[in-house]
Each structure stands twice: as structure tokens, then as C-alpha cells.
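I have placed the structure first, in the form of C-alpha cells, so that the comments after it can refer back to it.
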Amino acid sequence: MAGGLTGPVSQSSAVKPTLPMGVITSYVIAVGAQNVQLAAAAAVVEVVIVVVVVVVVVVVAVVVVCFDLKTSIKNMWHRLDSIFSYRKLI
């Protein structure tokens with residue numbers, strides 16, 4: 001028997017299957033974190049970093065799209081304005 005809840009299993013090997021294996025988590029486990037809480041904190045920090053990066057990318061994309069849309073509406077408005085002012089001259 002390889003060990004279970006009562007057998008001799010080191011905590012670092014018990015952490016490996018339960019946490020998502022990201023860069024920070026893998027580093028913490030490779031360094032030999034005997035503390036499960038440290039590896040769990042590394043996984044949480046990693047998830048937070050990924051969420052922040054995704055939010056920043058989405059916000060930048062929305063700002064770029066809105067600015068482009070605003071410019072397009074402004075150009076269309078000027079075009080309509082020039083058409084109507086041209087008709088006034090006739």
C-alpha cells in the first residue's frame with residue numbers, strides 16, 4: 001500500500017494533484033514547500049494575476065472599440081451636416 005490518509009505521504013506530493021499547476025505553483029512545489037497553505041496561496045496569487053491581466057485586456061479592447069465607434073459616429077455626423085448645409089446653399 002502506497003499510503004493514504006493514515007499512511008506516510010509527504011505533504012508536497014499530496015499538494016500536486018489538488019492544485020492547478022501554474023508557473024508559480026509549480027515553482028513553489030519544486031522548491032519544496034512543505035506547507036500546503038503556501039502552495040495554496042501561490043495558486044490563489046496566480047489566479048488573481050490571470051484575472052487582472054484578462055480584465056485589463058478586456059478594458060483596453062472596450063476603450064479602443066468605443067473610441068473607434070465615437071470617431072465613426074462623429075465622421076458620419078459631419079458628413080450628414082455637410083449634405084444638409086449643401087442643400088441650403090442651393
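Using full-length UniProt numbering, the first residue of the sequence shown is number 1, and each one after it goes up by one. No residue lacks a Cβ here, since even glycine has one placed at the ideal position from N, Cα and C.
Residue burial classification, residue i (beta-carbon count within 10 angstroms, cutoff 16)
| i | result |
| --- | --- |
| Ser-72 | exposed |
| Val-61 | It is worth fixing the name first, because residue 61 is Ala in this sequence and not Val. Classification of Ala-61: exposed, given that the 10 Å Cβ count is below 16. |
| His-78 | exposed |
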